[in-house]
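A.B. asks:
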Amino acid sequence: MKITEYSQVEPFTTKDGSTIRELMHPNIGGSNSQSLAEATVPVGCKTLEHRHHGSEEIYHITTGSGLMTLGN
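Structure below.
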């Protein structure tokens, strides 16, 4: 298993303006089917609706609130 060092993971900005730092992803190592990322969404904004066909995403909201659609 590969250990991810936080300071070594470069964040990127998505099309919707969110800042993402992928800490665990099937392409990075450590998991075959799960993704764990730190996401910062600006106040009053939202992420674009999207799907993950090859992995599950784990959400842990530390500040604010969110609404998620699962499946259809």
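The C-terminal residue of the sequence shown carries number 62 in this note's numbering, and the numbering is unbroken.
Glycine included, every Cβ here is placed at the ideal spot set by N, Cα and C.
Jot down the residue ranges of each uninterrupted alpha helix (DSSP H) in the segment 30 to 58, minimum 4 residues, whole runs only, in chain order.
C.D. replies: Qualifying alpha helix (DSSP H) stretches: none in this window.
A.B. asks: By the 10 Å Cβ neighbour count, where 16 or more other Cβ atoms means buried, how is LEU60 classified, buried or exposed?
C.D. replies: Exposed is the call here.
A.B. asks: Could you tell me if LEU95 is buried or exposed, where buried requires 16 or more neighbouring beta carbons within 10 angstroms of its beta carbon?
C.D. replies: Missing from the structure shown is residue 95; the chain here goes from -9 to 62 and no further.
A.B. asks: Which residues in the same chain as ASP6 place their Cβ atom closer than 6 Å to its Cβ, once the five residues preceding and following it in sequence are excluded?
C.D. replies: For ASP6, where only same-chain residues beyond five positions count, the Cβ hits under 6 Å are THR37, LEU38.
A.B. asks: Which value, in whole angstroms, describes the spacing of the CA atoms of GLY44 and ILE51?
C.D. replies: Computed Cα separation, rounded: 23 Å.
A.B. asks: Who are the near neighbours of THR3 in its chain, counting only those whose CB is closer than 7 Å to its CB and skipping five residues on each side?
C.D. replies: Taken in chain order, the residues that qualify are THR9.
A.B. asks: Figure out for me which residue from GLN24, VAL31, LEU57 has the closest Cα to the Cα of ILE48.
C.D. replies: Taking only the C-alpha atoms, the option nearest ILE48 is GLN24.
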